[in-house]
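**Student:** Following this message is one structure expressed as structure tokens.
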Amino acid sequence: MSSICNRKCFAIALLATTVFAGAPARADATQDTAPTSEAASQKQARSKLDLTGRKRVGLASFYARKFAGRKMADGTPMDPAADNAASKTLPLGTRARVTNLETGQSAVVTIQDRGPHVKGRIIDLSPATARRIGLSRKKGVARVAVTPITVPLPDGSIKRGAAFVE
Numbered sequence: 016m017s018s019i020c021n022r023k024c025f026a027i028a029l030l031a032t033t034v035f036a037g038a039p040a041r042a043d044a045t046q047d048t049a050p051t052s053e054a055a056s057q058k059q060a061r062s063k064l065d066l067t068g069r070k071r072v073g074l075a076s077f078y079a080r081k082f083a084g085r086k087m088a089d090g091t092p093m094d095p096a097a098d099n100a101a102s103k104t105l106p107l108g109t110r111a112r113v114t115n116l117e118t119g120q121s122a123v124v125t126i127q128d129r130g131p132h133v134k135g136r137i138i139d140l141s142p143a144t145a146r147r148i149g150l151s152r153k154k155g156v157a158r159v160a161v162t163p164i165t166v167p168l169p170d171g172s173i174k175r176g177a178a179f180v181e
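Quick note on the working numbering: the sequence shown kicks off at 16 and runs consecutively.
The following block contains the structure:
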């Protein structure tokens, strides 16, 4: 009987040692790559913002209907009839001219949200703005030029963008 108990105790001790021996190494590795605080992740996001005011060219898409009324990054509800947009790189509050390079139609938007969250796209437009520049729901995406008019800077000042006209 003591032989069986000794084997079970040995097996449990061996299993516990094996499991817990690897745990600290994995926890340390995870800790090194995880952001230490919300402030650190916000700082990283801000450091990627483009404050140059230069034109950029890429693909635009538009918000799906399900986002109507949902809170955007600036705290306001998404209005599908307004000229709002989402950008990963332009600061919130940036006003920019978005031009559909296929149709030549353009509209002025205010960056109020973060996105798009699909690789290769540079801006998400409200449905009304998308229609205004000739971006149909059927096509879904269009090649556009996004030219900032005014860019809010971290110190509270406003920088004139490439599309600024006096």
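Positions of the beta carbon are idealized from the N, C-alpha and C atoms, including for glycine. Given the structure is predicted, the values throughout are model-derived calculations rather than measurements.
Would you say A144 and R112 are within 7 Å of each other, going by their C-beta atoms?
**Tutor:** Before going on, a small fix: residue 144 reads as Thr here, not Ala. In this structure, R112 does not lie closer than 7 Å to T144 by Cβ.
**Student:** How many angstroms separate the CA atom of A100 from the CA atom of L64?
**Tutor:** Roughly 15 Å separates the two Cα atoms.
**Student:** Going by alpha carbons, who is nearest to P169 out of K154, A177, F77 and L107?
**Tutor:** Comparing Cα positions, the closest option is L107.
**Student:** Identify whether A111 lies in helix, strand or coil by the three-state DSSP scheme.
**Tutor:** Strand at A111.
**Student:** Do A75 and F159 count as a contact pair if the criterion is CB distance below 7 Å?
**Tutor:** Note that residue 159 corresponds to Val in the displayed sequence, not to Phe. Cβ atoms of V159 and A75: closer than 7 Å.
**Student:** Can you tell which of Q120, L116 and T109 has the C-alpha that lies nearest to the C-alpha of R129?
**Tutor:** Selected option, being the one with the closest Cα: T109.
**Student:** I'd like to check one pair, N115 with I138: are the Cβ atoms closer than 7 Å?
**Tutor:** Cβ distance not < 7 Å, so I138 and N115 don't count as in contact.
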